[in-house]
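A short worksheet on the structure shown next.
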Amino acid sequence: MSELNERIKTVTTKIQGRLENASQVVLAKVNEFFQKPSISLEELASFISSHPDTGCETKEFLGFQYSFYQLNIEDLTFYLETKGQQGEYILDLTVSDQLKTLFEYHSFDKKHAQDTKLHIPDAIKTIVH
């Protein structure tokens, strides 16, 4: 009987060790997630539209005013489309580097609310703040 008890004890110890390791990994991932830089879509759009180096083109279609902004800083390209006299409705916002898209928002997608804090890559955060 003692051999069976020893085996059970060994298995239990191994399981406890693995569970502790797994919980540490999960905790580290949660901490990493919450420490990522974040910004709201409205803050990012405001940064793009108000930056002194931003190019802007405004057009009117069917009585609505649309504004198209483009900003190039370092290796990043910021593109913003808005609708309304004051650009109050964000239609599209994309941030890309020379190789890939780092962040994108499309109003039709409904993945993000405009005031929700979005996790963004460090490269964007260092430029915006």
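Residue numbers (full-length UniProt numbering): 1 to 129.
We put the beta carbon where it would ideally sit given N, CA and C, even for glycine.
All values reported here derive from a predicted model rather than from experimental measurement.
Measuring straight from C-alpha to C-alpha, what distance separates residue i and residue j?
i           : j    : result
Y89         : I73  : 24 Å
A45         : D109 : 17 Å
E20         : K9   : 16 Å
R7          : Q24  : 26 Å
V39         : K100 : Checking the displayed sequence, the identity of residue 39 turns out to be Ile instead of Val. About 20 Å.
H51         : T58  : 16 Å
N5          : A22  : 25 Å
S67         : Y105 : 16 Å
F47         : L62  : 28 Å
E43         : E60  : 25 Å
residue 131 : V11  : Shown here, the chain extends from 1 to 129; a query on residue 131 therefore has no answer.
Spell out the partners DSSP gives residue i in its beta bridges.
i    : result
K117 : S40
T77  : N72, S96
E104 : T94
Please check the pair residue i and residue j, which I expect to be a contact at CB under 8 Å, by giving their CB distance rounded to whole angstroms.
i    : j    : result
S49  : Y69  : 5 Å
L102 : I124 : 6 Å
Suppose contacts are defined by Cβ-Cβ distances below 7 Å. Is residue i in contact with residue j by that definition?
i   : j    : result
T77 : S96  : yes
L41 : T54  : no
L91 : S107 : yes
Q85 : Q65  : yes
Would DSSP call residue i helix, strand or coil?
i   : result
G84 : coil
L71 : strand
L99 : coil
T54 : coil
L93 : strand
F61 : strand
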